[in-house]
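Asks: Chains as they are written, first to last, in my numbering: chain A, 22 to 324; chain B, 12 to 297.
Just so it is clear, CB atoms sit at the ideal spot from N, CA and C, and this is done for glycine as well.
Below is the structure I would like to discuss, written out as structure tokens.
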Amino acid sequence: MDNKKTRTSKVKIKYRRSEVISGYLFILPSLIIFVTFMIIPIFMGLYISLTDYDGFKTMNFIGLKNYADMFKDSYFQVSFKNNILYTLFTVPGTLILSLLLAVAVNKGIKGSPVFKTVFFFPYITSMVAVGIIWTLLFNPTVGPINSFLKSVGISNPPGWLLSTKSALPAVMIVTIWKWAGYYMIIFLAGLQGIPKQLYEASEVDGASGITRFFHITLPLLSPTTFLILILLIINSFQVFDLINIMTEGGPGRATNVLVYRIYQEGFKYMHFGYASAEAYFLFAIILIITGIQFWGQKKWVVY
Amino acid sequence: MDNVTENMKTGRKIRRELSNIILFAVLLLVAFIMVVPFVWMISASFKNNNEIFLYPIRWIPNPIRLKNYVAVWTEIPFLKYFTNTLIYSVIVTAGQIFTCSLAAYAFSKLRFPGRDAIFMVYLATMMVPWHAIMIPQFMINKSLGLYNKPGAIIVMNLVSAFGIFLLRQFMMGIPDDLCEAGRIDGCSEFSNFSKIMFPLCGPGVATLTVFEFTFMWNDYLAPMIYLDDDRYKTIQLGLAGFRSLYKTDYGLIMAGTVCSLIPILVIYCAAQKYLIEGVAFSGLKG
Chain A
22 MDNKKTRTSK
32 VKIKYRRSEV
42 ISGYLFILPS
52 LIIFVTFMII
62 PIFMGLYISL
72 TDYDGFKTMN
82 FIGLKNYADM
92 FKDSYFQVSF
102 KNNILYTLFT
112 VPGTLILSLL
122 LAVAVNKGIK
132 GSPVFKTVFF
142 FPYITSMVAV
152 GIIWTLLFNP
162 TVGPINSFLK
172 SVGISNPPGW
182 LLSTKSALPA
192 VMIVTIWKWA
202 GYYMIIFLAG
212 LQGIPKQLYE
222 ASEVDGASGI
232 TRFFHITLPL
242 LSPTTFLILI
252 LLIINSFQVF
262 DLINIMTEGG
272 PGRATNVLVY
282 RIYQEGFKYM
292 HFGYASAEAY
302 FLFAIILIIT
312 GIQFWGQKKW
322 VVY
Chain B
12 MDNVTENMKT
22 GRKIRRELSN
32 IILFAVLLLV
42 AFIMVVPFVW
52 MISASFKNNN
62 EIFLYPIRWI
72 PNPIRLKNYV
82 AVWTEIPFLK
92 YFTNTLIYSV
102 IVTAGQIFTC
112 SLAAYAFSKL
122 RFPGRDAIFM
132 VYLATMMVPW
142 HAIMIPQFMI
152 NKSLGLYNKP
162 GAIIVMNLVS
172 AFGIFLLRQF
182 MMGIPDDLCE
192 AGRIDGCSEF
202 SNFSKIMFPL
212 CGPGVATLTV
222 FEFTFMWNDY
232 LAPMIYLDDD
242 RYKTIQLGLA
252 GFRSLYKTDY
262 GLIMAGTVCS
272 LIPILVIYCA
282 AQKYLIEGVA
292 FSGLKG
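Here you go:
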């Protein structure tokens with residue numbers, strides 16, 4: 022952000038020839054790749070979404086037909102609804118768990134570094150591996166989770182991934198389990214920024230741990246919390262790997278989500294035009310959330 | 012008076028001790044939930060199919076059977092997937108270190124027209140969800156003749172906005188005087204970069220390395236879209252394919268999963284510090 026300052030201050034920058042030439046040369050490799058694989062696709066995707074392209078025949082411009090079809094498509098509606106449900110549960114779930122873990126680990130009780138290491142580990146493992154393991158754990162007839170539930174007296178445990186009712190919750194559980202440690206690390210970075218004196222002063226005043234949490238930690242952590250909230254929402258709209266490994270969108274359509282739908286339409290049925298419209302819908306959602314972040318950072322957050 | 016405050020003090024001390032014990036117990040429970048799937052996986056990988064789902068769970072297999080591991084490395088082209096992924100990851104990581112550090116140097120130490128605007132565009136690409144552009148990206152890769160070639164997942168990953176941002180931030184912390192001194196000595200910008208700045212970026216480069224390596228190792232959707240040919244498949248594709256092939260041979264599947272996690276575990280043990288720094292850094296970008 023300090024770049025802006027140098028630009029707005031009225032000092033006219035005198036460029037050195039050698040710096041200018043090497044400057045452009047140095048960014049050239051990254052620029053070529055960005056333009057080819059990021060910037061052109063952004064515009065190309067918008068155009069394809071306005072055509073009936075299917076990978077074989079010539080593209081015909083059909084205006085907004087794909088978008089109109091999309092909103093009428095019950096399959097799309099279901100996947101959007103599932104995605105919203107997934108967001109509504111995994112975002113607060115992960116946020117609260119990671120915050121509590123960070124506060125607990127930050128207290129510096131015995132074994133904190135070990136706990137931190139253990140909580141963070143699921144994050145770097147692959148979604149494929151995690152999905153495979155949890156699919157076995159969730160096996161409704163012989164899996165360890167249901168064996169455990171039966172042993173503690175729940176005679177009719179859920180069918181997990183095989184039941185339309187519990188498949189999405191099962192995927193949500195794995196999501197929270199996998200990401201909690203990651204956001205805990207970001208929260209911990211935020212907690213380091215809170216001055217220790219504040220806690221010491223409040224302790225002198227006799228404030229309890231809970232009071233301190235609500236009156237010092239939470240307000241001063243709000244920039245971090247807000248950022249994490251945004252990151253979580255954005256990520257929740259991009260869930261794919263777990264769904265593909267654990268349920269393939271099923272049973273029926275019970276766990277079909279936006280990216281899974283885009284993948285199916287685009288790469289299974291080669292409906293590139295239609296899938297691009299869905300992809301642009303996703304893009305719009307994420308753009309709006311990012312916009313809220315830029316705007317909200319200034320407004321809602323107590324610094 | 013003194014007695015009362017003394018009592019209050021010891022009371023508070025006891026309360027704190029007690030709450031610490033409760034906290035410790037809760038953390039222990041969470042830690043158990045975080046680890047237990049992996050422990051179960053390892054345990055199952057040494058078992059026969061009929062032993063895996065016995066309840067109560069026998070955590071330490073008896074006897075310890077190695078046949079699943081033998082099968083993973085001999086009967087299935089697992090080694091092929093393993094080396095493929097290793098090669099892709101190394102090329103992409105090395106490529107990113109090169110492109111990102113060059114760009115980071117330009118954005119932090121050189122002045123040229125349009126620098127800040129271009130940097131803003133780079134930053135903005137970080138907000139673009141990959142899934143939203145995967146279709147046009149696929150078409151571009153295809154028209155470049157990269158479909159079903161390792162190049163598809165290598166070339167497009169040769170740069171990352173995260174890497175540029177990370178290294179730029181790192182270089183901004185290094186005094187400009189060092190570059191000025193180099194310039195006065197008649198160094199070219201490239202030797203300034205390669206001889207003075209780059210060697211000072213060790214920790215930043217280390218963070219980028221562990222991140223990119225784990226990203227490439229764990230990536231699933233892009234390899235799935237691009238690599239059809241068994242010769243080129245990555246470990247995650249291999250693992251997923253191998254699970255759908257040996258559907259109910261659970262011990263074998265678990266052994267494969269264990270093997271796929273080994274490099275990640277090595278990185279985690281060796282470079283956890285850099286991973287944590289990178290994650291904390293991504294939290295600061297707001």
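1. Mind listing the chain B neighbours of residue 259(A)? Cutoff is C-beta to C-beta under 7 Å, in chain order.
2. Under the three-state reduction of DSSP, which class applies to residue 82(A): helix, strand or coil?
3. Since residue 183(A) and residue 161(A) are thought to touch, with beta carbons under 8 Å apart, how far apart are those beta carbons, to the nearest angstrom?
4. Strictly under 8 Å for the Cβ-Cβ distance: is residue 229(B) near chain A by that measure?
5. Hey, quick one: how far does the alpha helix (DSSP H) through residue 218(A) stretch, first residue to last?
6. For the alpha helix (DSSP H) containing residue 258(A), name the first residue and the last one.
7. At the level of alpha carbons, what is the spacing between residue 250(A) and residue 111(A)?
8. Taking the alpha helix (DSSP H) that residue 155(B) belongs to, which residues open and close that run?
9. State the Cα-Cα distance for the pair residue 206(B) and residue 104(B), rounded to the nearest angstrom.
10. Kindly indicate which three-state DSSP category residue 24(A) falls into: helix, strand or coil?
11. Considering only residues of the same chain and omitting the five flanking positions on each side of residue 169(B), which have a CB-CB separation below 7 Å?
12. Which partner residues does residue 72(A) have in the DSSP bridge list?
13. Please report how far the alpha carbon of residue 223(A) lies from the alpha carbon of residue 299(A), in whole angstroms.
14. For residue 66(B), which residues from the same chain have a beta carbon less than 8 Å from its beta carbon, with the 5 sequence-adjacent residues on both sides left out?
15. Output the residue ranges of the alpha helix (DSSP H) runs that lie fully inside the region 107-155 of chain B and measure 4 residues or longer, sorted by chain position.
16. Expressed to the nearest angstrom, what Euclidean distance is found between the alpha-carbon atoms of residue 53(A) and residue 115(B)?
17. Going along the region 281-304 of chain A in order, which residues come within less than 8 Å of chain B, judged by CB to CB distance?
18. Using a Cβ cut-off of 8 Å (strictly closer), state whether residue 297(B) contacts chain A.
19. Going by the CB atoms, is the gap between residue 149(A) and residue 46(B) shorter than 8 Å?
20. Hey, quick one: how far does the alpha helix (DSSP H) through residue 43(A) stretch, first residue to last?
21. Could you work out which residues of chain A lie near residue 169(B), taking near to mean beta carbons separated by less than 7 Å?
22. Which residues in the same chain have their Cβ closer than 6 Å to the Cβ of residue 128(A), if we skip the five residues on either side of it in sequence?
23. Along the chain, where does the alpha helix (DSSP H) that runs through residue 212(B) open and close?
24. Which of the residues in the region 148-166 of chain A, read from start to end, lie with their CB under 8 Å from any CB of chain B?
25. Using the C-alpha atoms, what's the distance from residue 84(A) back to residue 297(A)?
26. Step through the CB atoms of chain B and report whether any lies within less than 8 Å of the CB of residue 262(A).
27. With a threshold of 8 Å between beta-carbons, can residue 65(A) be considered close to chain B, or not?
28. In the DSSP assignment, find the unbroken alpha helix (DSSP H) run with residue 98(A) in it and report its ends.
29. Can a CB atom of chain B be found closer than 8 Å to the CB of residue 268(A)?
30. Going by beta-carbon coordinates alone, are residue 347(A) and residue 103(A) separated by less than 8 Å?
31. Can you have a look at residue 151(A) and say buried or exposed, based on whether 16 or more other CB atoms are within 10 angstroms of its CB?
32. Is the beta carbon of residue 207(A) less than 8 Å from the beta carbon of residue 114(A)?
33. Within this structure, are the beta carbons of residue 245(B) and residue 133(B) separated by less than 8 Å?
34. Which term fits residue 66(A), buried or exposed, when burial requires 16 or more other beta carbons within 10 angstroms of its beta carbon?
Replies: So, from the data block:
1. Within chain B, the residues 140 and 142 have their CB atoms less than 7 Å from the CB of residue 259(A), given in chain order.
2. DSSP, reduced to helix, strand and coil, places residue 82(A) within a strand of the structure shown.
3. The pair is a contact, with the Cβ atoms about 6 Å apart (cut-off 8 Å).
4. Interface criterion met: the Cβ of residue 229(B) is under 8 Å from a Cβ in chain A.
5. From DSSP, the alpha helix (DSSP H) with residue 218(A) extends over 217-225.
6. Residue 258(A) -> no alpha helix (DSSP H), and no H or E assigned at all.
7. For residue 250(A) and residue 111(A), the distance between alpha carbons rounds to 11 Å.
8. DSSP places residue 155(B) outside any alpha helix (DSSP H), giving it a letter other than H or E.
9. If you take the alpha carbons of residue 206(B) and residue 104(B), they lie about 20 Å apart.
10. Reliability fails at residue 24(A), whose pLDDT of 48 lies under 50, so the model's placement of it is uncertain and the value that follows must be treated cautiously. Note: residue 24(A) maps to helix in three-state DSSP.
11. Non-local C-beta neighbours of residue 169(B) in its own chain, meaning closer than 7 Å and more than five positions away in sequence, comprise 103, 106, 107 and 110, ordered along the chain.
12. Beta-bridge partners assigned by DSSP to residue 72(A): 82(A).
13. Inter-residue distance for residue 223(A) and residue 299(A) is about 52 Å (C-alpha atoms, whole angstroms).
14. Excluding positions up to five away in sequence, the list is empty.
15. Listed in chain order, they are 126-136 and 141-154.
16. Taking C-alpha positions only, residue 53(A) is separated from residue 115(B) by approximately 15 Å.
17. Result list: 283, 284, 287, 288, 293, 296, 297, 300, 301, 303 and 304.
18. Low local confidence applies: a pLDDT of 41 at residue 297(B) is under 50, so the model's placement there is unreliable, with the coordinate-based value given in what follows. Judged by the 8 Å Cβ criterion, residue 297(B) is in contact with chain A.
19. For residue 46(B) and residue 149(A), no; Cβs fall outside 8 Å.
20. If you look at residue 43(A), you'll find it in the alpha helix (DSSP H) that goes 38-55.
21. Under the 7 Å cutoff, chain A gives 54.
22. In the same chain as residue 128(A), and ignoring 5 residues on each side of it, no C-beta atom comes closer than 6 Å to its own.
23. First-last for residue 212(B): undefined, no H or E at that position.
24. Within the region 148-166 of chain A, the residues whose Cβ lies closer than 8 Å to some Cβ of chain B are 148, 149, 150, 151, 153, 154, 155, 157, 158, 160, 163, 164 and 165, listed in chain order.
25. In a straight line, the C-alpha of residue 297(A) is about 13 Å away from that of residue 84(A).
26. So yes, residue 262(A) belongs to the interface.
27. Residue 65(A) counts as touching chain B.
28. Taken as a continuous stretch (DSSP letters only), the alpha helix (DSSP H) holding residue 98(A) covers 95-127.
29. Answer no: the Cβ-Cβ gap between residue 268(A) and chain B never drops below 8 Å.
30. Only positions 22 to 324 of chain A appear in the structure, and residue 347(A) is not among them; the question remains open.
31. Buried, by the Cβ-count rule.
32. Contact flag unset, no.
33. Result no, Cβ atoms of residue 245(B) and residue 133(B) do not sit closer than 8 Å.
34. Around the beta-carbon of residue 66(A), 16 or more other beta-carbon atoms lie within 10 Å, marking it buried.
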